[in-house]
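To start, the structure itself, in structure tokens.
Numbering (the UniProt record's numbering), first residue to last: 1 to 127.
Okay, here's the thing in structure tokens:
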């Protein structure tokens, strides 16, 4: 019987919540997707002004320590952008750099209370 050999795909489940811990939405995504793309696919308010090119910090998310420790260390360019993120924590990452794997199934993604966009009218802010 063919049906006995078919395995059903179960996506990677993500729970999005606001900065106060209030649930926003639980969604399913595919392995290899990044958190920013998943948020946009499900109309979750995660900006991503640079569209994933690691040139801003508007897709800053906060993860649990358990989830954070499962991820590869952030690259230098991600750390540089995170340094400018509003509400930075020890478990902050850029959503565009968090690639989903099966061991992240069930993870919670916390959106910070605000973001800091370094670009105004397409130009870098001069400090």
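Beta carbons: idealized from backbone N, C-alpha and C, even for Gly.
Distance check for residue 44 and residue 110, CA to CA, integer angstroms please. Mapped onto the chain shown, residue 110 falls at position 110. Mapped onto the chain shown, residue 44 falls at position 44. Residue 110 and residue 44: Cα-Cα distance of roughly 11 Å.
What residue does the alpha helix (DSSP H) around residue 81 start on, and which one ends it? As a position in the chain shown, residue 81 is number 81, starting the count at 1. Its alpha helix (DSSP H) spans residues 76–82.
Boundaries of the alpha helix (DSSP H) in which residue 85 is found, first to last residue: As a working mapping, residue 85 is identified with position 85 in the chain shown. No alpha helix (DSSP H) holds residue 85; DSSP gives it neither H nor E.
Which residue's Cα is closest to the Cα of residue 32: 11, 93 and 16? Here residue 32 corresponds to residue number 32 of the chain shown, with the count starting at 1. Here the closest residue by C-alpha is 11.
Quick one: complete alpha helix (DSSP H) runs, 4+ long, within the UniProt domain "2Fe-2S ferredoxin-type" (10–115)? Every unbroken stretch of the alpha helix (DSSP H) spanning 4 or more residues and falling wholly within the UniProt domain "2Fe-2S ferredoxin-type" (10–115) is given here in chain order: 35–41, 65–70 and 76–82.
Leaving out five residues before and five after residue 18 in sequence, what residues of the same chain have Cβ atoms less than 7 Å from its Cβ? Stepping through the chain shown from its first residue, residue 18 is reached at position 18. Hits under 7 Å: 24 and 111.
What does a CB cutoff of less than 7 Å around residue 99 pick up in its chain, not counting 5 residues either side in sequence? Here residue 99 is taken as the residue at index 99 of the chain shown, counted from 1. 32 and 34.
From 13, 86, 103 and 39, pick the residue whose C-alpha is nearest to that of residue 69; which is it? Taking the first residue of the chain shown as position 1, residue 69 is located at position 69. The residue with the shortest Cα to Cα distance from residue 69 is 103.
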